[in-house]
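S.K.: FYI, the numbering for the sequence shown is 1 to 199, going by the UniProt record's numbering.
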Amino acid sequence: MTRKLGKGRLVAATHNKGKVRELKDLFEPAGLEVVSAIELGLPEPEETEQTFAGNALIKARAAAEATGQPALSDDSGLEVTALGGMPGVHTAIWAGEPRDFYKAMEKVENLLREIDAKDRSARFVSTLAVVWPDGHEEVFEGEVHGTLVWPPRGEKGFGFDPVFVADGETETFGEMDPAKKHAMSHRADAFRKLKAALL
Numbered sequence: 001m002t003r004k005l006g007k008g009r010l011v012a013a014t015h016n017k018g019k020v021r022e023l024k025d026l027f028e029p030a031g032l033e034v035v036s037a038i039e040l041g042l043p044e045p046e047e048t049e050q051t052f053a054g055n056a057l058i059k060a061r062a063a064a065e066a067t068g069q070p071a072l073s074d075d076s077g078l079e080v081t082a083l084g085g086m087p088g089v090h091t092a093i094w095a096g097e098p099r100d101f102y103k104a105m106e107k108v109e110n111l112l113r114e115i116d117a118k119d120r121s122a123r124f125v126s127t128l129a130v131v132w133p134d135g136h137e138e139v140f141e142g143e144v145h146g147t148l149v150w151p152p153r154g155e156k157g158f159g160f161d162p163v164f165v166a167d168g169e170t171e172t173f174g175e176m177d178p179a180k181k182h183a184m185s186h187r188a189d190a191f192r193k194l195k196a197a198l199l
């Protein structure tokens, strides 16, 4: 049975500052105080699953256990049709350590050129997992479809945003006003489903 999220503190189980900002923008108007794993000094658990849901649950379970509070995690990535869904769950790994998403975007572009891909369609996927300290779990998936462009455009957003143009749009997520992006992104889609069920 679905459980409602009461007002109060929600731990954002992520070390990605861009995601923390988006999660605060989404959840704080609903009366939840979002505090990140970075602020709490929580370690980053190893993501060993092969699905977005599996990795989101690893992070949310670790944060709920460490803090004794409900924890929210987002695992998201870019799936490129012509690359068989890559980079997918390995989206962040493609950026290396320290994270360099320009290199990751370049890697995708070079692979598309190598196979002379005419199909540049892609989708962003976001899976939000909420885990309570007693072990109750809820998972919601969202997506947004679009096309990849080159070269990257725009300084807003993060990750692969500068090369992704959502269907029906002309700006990349990197050029788009953040409020507009938040209203249509994969994370917003997952959040709408979560909100309908939990808030």
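Backbone N, C-alpha and C define an ideal beta-carbon position, used for all residues, glycine too.
(1) Would you give the residue range spanned by the alpha helix (DSSP H) that Ala91 belongs to?
(2) Exposed or buried, which one is Gly142 when buried takes at least 16 other CB atoms within 10 Å?
(3) Going by alpha carbons, who is nearest to Pro162 out of Glu169, Thr170 and Arg153?
(4) Consult DSSP for Val149 and reduce its assignment to one of helix, strand or coil.
(5) If you scan the segment 46 to 126 from start to end, which runs of the alpha helix (DSSP H) of 4 or more residues do you find wholly inside it?
(6) When we look at the beta-carbon of Pro70 and count the other beta-carbons within 10 Å, is it buried (16 or more) or exposed?
(7) By the three-class DSSP mapping on this structure, what secondary structure does Arg3 have?
(8) Helix, strand or coil: which one does DSSP assign to Phe164?
(9) What is the residue span of the alpha helix (DSSP H) that Ala183 lies within?
(10) Where Asp134 and Ser36 are concerned, what is the direct C-alpha to C-alpha distance, given to the nearest angstrom?
(11) Leu32 bridges to which residues according to DSSP?
(12) Who are the Cβ neighbours of Ala53 in its own chain at under 6 Å, not counting the five residues just before and after it?
(13) Taking Ala60 as the reference, which of Val131, Ala179, Gly146 and Lys180 has the closest Cα?
(14) On a Cα-Cα basis, can you pick out the residue from Gly6, Val11 and Lys7 that is closest to Ala129?
M.R.: On the basis of the data shown:
(1) Reading off the sequence shown, one finds Thr at residue 91, where the question assumed Ala. Looking at the DSSP string, the run of the alpha helix (DSSP H) that includes Thr91 is Thr91 to Trp94.
(2) buried
(3) Arg153
(4) coil
(5) 52 to 67, 91 to 94 and 101 to 114
(6) buried
(7) coil
(8) strand
(9) Pro178 to Met184
(10) 20 Å
(11) Gly8
(12) Thr127 and Val139
(13) Val131
(14) Val11
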